[in-house]
Amino acid sequence: MTPKPTMRTVAAKAGVSIATVSRVINCPDEVPTETVERVRAAMAYLKYRPNMNGRRLKMAQTRSVGVLVPTMANPVFATSVQGIEQAANEDGLTVLLTSSEYDPERELGAVSTLLNNRVDGLILTLANADDNRVIDLLISENIPFVLLFNQPSRTDVASISVDNAKSAYDITQAMIAQGHRKLAMVAGHFESSDRSRQRYDGFCQAINDAHQKDGVEMAAPRLCQVGFGETDLEGILESFLTGPDAVTGLVCSTDMLAIAAISACRTYGLSVPGDVSVGGIDGIAVGGLITPKLCSAVQPTQKMGQQALAFLLGLIRGQTEPQSLLLPHQLSTGESIGPARHQSSPRL
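Numbering (UniProt numbering), first residue to last: 1 to 348.
Quick look at the structure:
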């Protein structure tokens with residue numbers, strides 16, 4: 001029988017030290033890209049899997065849980081963490097929090113760090129829940145975890161979310177009902193968020209249904225992918241907001257992008273919703289404080305965090321069947337979507 005590969009054999013194959021292999025696993029952003037690629041190639045060749053359970057083995061529960069979110073800069077994640085912490089406090093649990101900054105390459109190291117702090121289980125928002133080595137490793141190590149905001153097609157993991165595609169479908173349909181026929185979606189990069197991709201699918205489906213089922217003449221859906229932290233969309237949206245192919249509505253994959261899109265519209269002298277309608281997805285509180293008040297597909301983010309912890313505690317206490325749940329969203333009564341204005345001449 002071939003001996004099980006170790007960190008030492010990976011280091012020898014890659015021509016690096018054991019310490020470097022450890023850093024690649026735990027802190028890849030601190031290692032040169034070429035070295036990371038060489039070590040990961042050696043790991044793949046040898047079929048080496050890091051022992052993510054680490055020091056948790058043979059140790060008592062610590063009454064702590066780890067949480068990984070893409071960022072705390074977006075209030076939607078901050079509110080969900082608040083829900084987790086409220087429920088954790090009621091149960092006497094400690095919450096350890098970290099973020100991936102929307103970088104899939106940082107997820108493994110972040111999760112490893114949480115496990116090195118001996119958490120009893122994890123609540124995770126990942127870039128791609130259907131193709132993710134973190135999930136495969138957690139399952140192989142029998143570590144309890146729940147996905148938050150991810151909506152995986154696989155059924156072997158616990159998850160809590162809203163229907164991402166339906167959220168985008170409904171906000172798009174609201175624009176179509178107001179007479180909009182030329183729409184674009186402003187979405188975060190798909191490789192950083194499967195939620196963004198699912199929302200784009202819902203956006204396209206709404207346009208297709210309007211044409212195929214209702215006989216509405218719709219322009220082909222347009223897409224603008226941007227970084228999730230992007231706040232200046234002026235140059236990025238120029239071709240969408242000006243010229244003969246200018247759109248009358250922007251569906252944004254997050255409320256934060258919708259707020260940035262409204263700012264970009266004003267830069268070009270366009271009123272919202274007079275000239276361009278803008279809608280978001282999330283339902284963050286600040287969306288109700290801006291002018292015009294943002295129309296959004298609202299997620300019950302705090303409740304989602306609370307439910308994620310409830311699912312996780314069930315797994316920690318021995319529940320063998322992972323639970324999944326889609327909570328309902330609702331459209332907010334905002335002011336950023338209005339009737340489509342007839343364009344007698346192209347926007348300059």
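All C-beta atoms, glycine included, are put in the ideal place defined by N, C-alpha and C.
Can you look up Ser-17 in the DSSP assignment and give me helix, strand or coil? As a working mapping, residue 17 is identified with position 17 in the sequence shown. In the structure shown, Ser-17 sits in coil (DSSP, three-state: anything other than H, G, I, E or B).
For Arg-266, count the other beta carbons within 10 Å of its own beta carbon; 16 or more makes it buried, fewer makes it exposed. Which is it? By 1-based counting over the sequence shown, the position of residue 266 is 266. So Arg-266 ends up on the exposed side.
Contact check, Pro-70 vs Glu-30, beta carbons under 8 Å: Position 70 of the sequence shown, counting from 1, holds the residue named residue 70. Position 30 of the sequence shown, counting from 1, holds the residue named residue 30. In this structure, Glu-30 does not lie closer than 8 Å to Pro-70 by Cβ.
Between the Cα of Ala-300 and those of Glu-321, Leu-327, Gly-314 and Val-278, spot the shortest distance and give me the residue it belongs to. To locate residue 300, count along the sequence shown from 1; it is residue 300. This sequence places Pro at residue 300; Ala is not what is there. When the alpha-carbon of Pro-300 is set against those of Glu-321, Leu-327, Gly-314 and Val-278, the nearest one is in Leu-327.
Please give me, in chain order, every unbroken run of the alpha helix (DSSP H) with length at least 4 that falls completely inside the stretch 143-178. Runs of the alpha helix (DSSP H) inside the stretch 143-178: 164-177.
Please look up how many angstroms separate the CB atoms of Gly-188 and Thr-254, rounded, as I've assumed it's under 8 Å. Reading the sequence shown from its first residue, position 188 is the one you call residue 188. Reading the sequence shown from its first residue, position 254 is the one you call residue 254. That belief holds up - the Cβ atoms of Gly-188 and Thr-254 are roughly 7 Å apart, short of 8 Å.
State yes or no: is the C-beta of Phe-203 within less than 8 Å of the C-beta of Val-251? On the sequence shown, position 203 is the one that residue 203 refers to. On the sequence shown, position 251 is the one that residue 251 refers to. Result yes, Cβ atoms of Phe-203 and Val-251 sit closer than 8 Å.
Take the Cβ of Gly-109 as the centre, count every other Cβ of all protein chains shown within 10 Å, and call the residue buried at 16 or more, exposed below. Start at 1 with the first residue of the sequence shown, and residue 109 comes out as number 109. Sixteen is the threshold: when 16 or more other Cβ atoms of the shown chains lie within 10 Å of the Cβ of Gly-109, as they do, the residue is buried.
What residue ranges within the stretch 28-104 form continuous alpha helix (DSSP H) runs of no fewer than 4 residues, ordered along the chain? Counting only runs of 4 or more, we get 33-46 and 75-90.
Can we say the stretch 256-275 touches the stretch 224-233, given the rule of at least three CB pairs closer than 8 Å? Taking a cut-off of 8 Å on C-beta distances, the stretch 256-275 touches the stretch 224-233, as three or more cross pairs fall below it.
Beta-carbon within less than 6 Å of Ser-61's beta-carbon, same chain only, minus the 5 sequence neighbours each way: which residues are those? Taking the sequence shown and counting its residues from 1, one reaches residue 61 at position 61. One point to set straight first is that residue 61 is Gln, not Ser, in the sequence displayed. Apart from sequence neighbours up to five positions away, the residues of its chain that approach Gln-61 with a beta-carbon distance below 6 Å are Asp-120, ordered along the chain.
If we count the other Cβ atoms within 10 Å of its Cβ and call it buried at 16 or more, is Ser-140 buried or exposed? If you number the sequence shown from 1, residue 140 lands on position 140. Counting other Cβ atoms within 10 Å of its Cβ, Ser-140 stays below 16 and is therefore classed as exposed.
Can you say whether residue 389 is buried or exposed, counting buried as having 16 or more other CB atoms within 10 angstroms of its CB? There is simply no residue 389 to check, as the chain begins at 1 and stops at 348 in what is shown.
Buried or exposed by the 16-neighbour rule on C-beta atoms within 10 Å, applied to Tyr-45: To locate residue 45, count along the sequence shown from 1; it is residue 45. Tyr-45 counts as exposed, since fewer than 16 other C-beta atoms from the protein chains shown sit within 10 angstroms of its C-beta.
Please classify Ser-153 as buried or exposed, where buried requires at least 16 other C-beta atoms within 10 Å of its C-beta. Here residue 153 corresponds to residue number 153 of the sequence shown, with the count starting at 1. Classified as exposed, Ser-153 has fewer than 16 neighbouring CB atoms from the shown chains inside 10 Å of its CB.
Taking buried to mean at least 16 other C-beta atoms within 10 Å of its own C-beta, is Gln-198 buried or exposed? Working through the sequence shown from its first residue, we reach residue 198 at position 198. Buried is the call here.
Relative to the C-alpha of Asp-194, which residue among Val-162, Gly-179, Ala-220 and Thr-6 is closest? Within the sequence shown, residue 194 is the residue found at index 194, counting from 1. Ranking Val-162, Gly-179, Ala-220 and Thr-6 by Cα distance to Asp-194 puts Val-162 first.
Does Pro-273 pass the burial test, meaning 16 or more other C-beta atoms within 10 Å, or should it be called exposed? Position 273 of the sequence shown, counting from 1, holds the residue named residue 273. A residue is called buried once 16 or more other Cβ atoms fall within 10 Å of its Cβ, and Pro-273 is buried on that count.
Within the chosen definition, does the stretch 286-296 reach the stretch 79-90 through at least 3 CB pairs nearer than 8 Å? Between the stretch 286-296 and the stretch 79-90, the count of C-beta pairs closer than 8 Å stays below three; the two stretches do not touch.
Can you give the beta carbon distance from Val-67 to Leu-93, rounded, assuming they're within the 8 Å contact cut? For the purposes of this step, residue 67 is identified with residue 67 of the sequence shown, where counting begins at 1. For the purposes of this step, residue 93 is identified with residue 93 of the sequence shown, where counting begins at 1. Wrong, their Cβ atoms sit about 11 Å apart, outside the cutoff.
Measure the alpha-carbon distance for Ile-143 versus Leu-315 and round it to whole angstroms. By one-based count along the sequence shown, residue 143 stands at place 143. By one-based count along the sequence shown, residue 315 stands at place 315. When rounded, the distance between both Cα atoms is 9 Å.
Rounded straight-line distance, which links the Cα of Ala-177 to that of Ser-239: Along the sequence shown, read from residue 1 onward, the residue named residue 239 stands at position 239. Along the sequence shown, read from residue 1 onward, the residue named residue 177 stands at position 177. Per the coordinates, the alpha-carbon of Ser-239 lies some 24 Å from the alpha-carbon of Ala-177.
My assumption, with CB atoms under 8 Å, is that Phe-145 sits in contact with Leu-122. Please give the rounded CB distance. The count along the sequence shown starts at 1 and reaches residue 145 at position 145. The count along the sequence shown starts at 1 and reaches residue 122 at position 122. Going by Cβ atoms, the distance from Phe-145 to Leu-122 rounds to 4 Å, so yes, they are a contact pair.
Quick one, are the C-beta atoms of Leu-147 and Ala-129 less than 8 Å apart? Counting from one through the sequence shown, the residue named residue 147 turns up at place 147. Counting from one through the sequence shown, the residue named residue 129 turns up at place 129. Cβ atoms of Leu-147 and Ala-129: closer than 8 Å.
Can you check whether the CB of Val-16 is closer than 8 Å to the CB of Thr-35? Locating residue 35 in the sequence shown gives position 35, where the first residue counts as 1. Locating residue 16 in the sequence shown gives position 16, where the first residue counts as 1. Yes, the pair counts as a contact, with Cβ atoms nearer than the cut-off.
List the endpoints of the continuous alpha helix (DSSP H) containing Val-226. Here residue 226 corresponds to residue number 226 of the sequence shown, with the count starting at 1. For Val-226, no alpha helix (DSSP H) run applies; the uninterrupted beta strand (DSSP E) run containing it begins and ends at 222-226, by DSSP.
Cutting at 8 Å between CB atoms, please list the residues of its own chain near Leu-96, excluding the five before and the five after it. For the purposes of this step, residue 96 is taken as residue 96 along the sequence shown, with counting starting at 1. Ser-64, Val-65, Gly-66, Val-67, Leu-114, Asn-117 and Val-119, listed in sequence order.
Evaluate Glu-107 with the Cβ neighbour count: other Cβ atoms within 10 Å of its Cβ, from every protein chain shown; 16 or more gives buried, anything less gives exposed. On the sequence shown, residue 107 is found 107 positions in, with the first residue counted as 1. Per the 10 Å Cβ criterion, buried.
With 16 other Cβ atoms within 10 Å as the buried cut-off, status of Val-286: Counted from its first residue, the sequence shown places residue 286 at position 286. By the Cβ-count criterion, Val-286 is exposed, with fewer than 16 other Cβ atoms from all chains shown falling within 10 Å of its own Cβ.
Straight-line Cα distance separating Val-134 from Arg-55: On the sequence shown, residue 55 is found 55 positions in, with the first residue counted as 1. On the sequence shown, residue 134 is found 134 positions in, with the first residue counted as 1. Residue placement at Arg-55 is poorly supported in this model, since its pLDDT is 45, which falls under 50; the coordinates are not used for a value here.
Per DSSP, which residues does Gln-330 bridge with? Please list them. Translated into positions along the sequence shown, residue 330 becomes position 330. In the DSSP output, where bridge partners are listed per residue, Gln-330 has Val-298.
Relative to the alpha-carbon of Lys-166, which residue among Asp-103, His-329 and Glu-335 has its alpha-carbon at the smallest distance? Along the sequence shown, one-based indexing puts residue 166 at 166. Of the listed residues, the one whose Cα sits closest to Lys-166 is His-329.
Could you check if residue 423 is buried or exposed, using at least 16 other CB atoms within 10 Å of its CB as the buried criterion? Residue 423 lies beyond the range of the chain shown here (1 to 348); nothing can be said about it.
Length of the line joining the Cα atoms of Ala-168 and Gly-280: Indexing the sequence shown from 1 puts residue 168 at position 168. Indexing the sequence shown from 1 puts residue 280 at position 280. Between Ala-168 and Gly-280, the C-alpha separation is close to 8 Å.
Can you tell me where the alpha helix (DSSP H) holding Asp-136 begins and where it ends? Residue mapping note: residue 136 aligns to position 136 of the sequence shown, counting from 1. Run containing Asp-136: 133-140, per the alpha helix (DSSP H) assignment.
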